[in-house]
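Protein chains in written order, with this note's numbering: chain A, 1 to 112; chain B, 1001 to 1112. Even glycine gets a Cβ: it sits at the ideal position worked out from N, Cα and C. I have placed the structure first, in the form of structure tokens, so that the comments after it can refer back to it.
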DNA sequence: CGCCTTTATGCGGCTATCGTCATAAGCATG
DNA sequence: CATGCTTATGACGATAGCCGCATAAAGGCG
């Protein structure tokens, strides 16, 4: 039986949704995956993703404001890196769910 | 040191982002919160959220296709309920992060 | 100081999605 | 069957967000 906790306030709901929205775009997820492999400068992110410099700059800015990435200045260059394990943990949970659903769909197909 | 796993394929990235996109809208999050408290029929969801019937129907459809909610037919009425703990787990992780960030901001303010 | 490299931002086109209204489809009852 | 109640879907206006182009700002080098 589900616990009957109180409902979250609209403001909190808004915070949650804004956070999840960050992860709802393949471009940002791709950047996070790149940075999960280790620190990268913007040039290599451009090369790896094919996005324009301005786009990458904006997305990194959003991720930084959310505390998901941070950067170290090396002169005029900026080296970005992932911060924290949150995204990995979230993706692991989601991956488990996705796998379960695919397996059940597979079972459905095979039972025909 | 971060593990240097392989990069996810674009298709997988798309799957992840589509899933997170479901949670990136306050309306859907609100529905999920309502259903987390227990099964509800559509009329009570309309009353609780103020959204139109058509909108709620669409959002529930999306959540259902993702396996986050499911429904039992009671004659012509449909009773919806949350399915699985995934959303709760995800929100718990995010909440921890949000709290940490607010606390650190608070500490910053107090150190002035 | 001029020049180059690198990052941040204003602007605008484009697409996707939100949310509503109107309507259709399905099921129960008199 | 006709009526009423509940849910699903087509159409549409409004808005938000993606993404690139052009340009400004900031730092390094001769």
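- By the beta-carbon neighbour count (other beta carbons within 10 angstroms, threshold 16), residue 9 of chain A is exposed.
- Listed along chain A, the residues sitting closer than 7 Å to residue 1024 of chain B by beta-carbon distance are 17, 20, 21, 24.
- Taking CB atoms only, residue 39 of chain A has no neighbour in chain B less than 7 Å away.
- The stretch 1026-1033 of chain B and the stretch 14-22 of chain A touch, with three or more beta-carbon pairs separated by less than 8 Å.
- Against chain B, the CB of residue 70 of chain A has no partner CB under 7 Å away; the residue lies outside that interface.
- In the structure shown, residue 85 of chain A falls within a coil segment according to DSSP collapsed to helix, strand and coil.
- Among the bridge pairs identified by DSSP, residue 1074 of chain B is matched with B:1077.
- By the CB criterion at 7 Å, residue 69 of chain A and residue 83 of chain A fall inside the cutoff.
- Within a 10 Å sphere around the beta-carbon of residue 1043 of chain B sit fewer than 16 other beta-carbons, which makes this residue exposed.
- Distances from the alpha-carbon of residue 1036 of chain B to those of B:1055, B:1104, B:1089 put B:1089 closest.
- Within 8 Å of the CB of residue 1042 of chain B, no CB atom of chain A is found; the nearest one sits about 18 Å away.
- Pairing residue 34 of chain A with residue 48 of chain A gives a Cβ-Cβ distance under 7 Å.
- Between residue 1045 of chain B and residue 1056 of chain B, the alpha-carbon positions lie close to 8 Å from each other.
- Of all residues in the stretch 1077-1091 of chain B, only 1082, 1084, 1086, 1089, 1090, 1091 place a beta-carbon less than 8 Å from a beta-carbon of chain A.
- Across the structure, residue 1077 of chain B and residue 1040 of chain B are spaced so that their CA atoms are roughly 10 Å apart.
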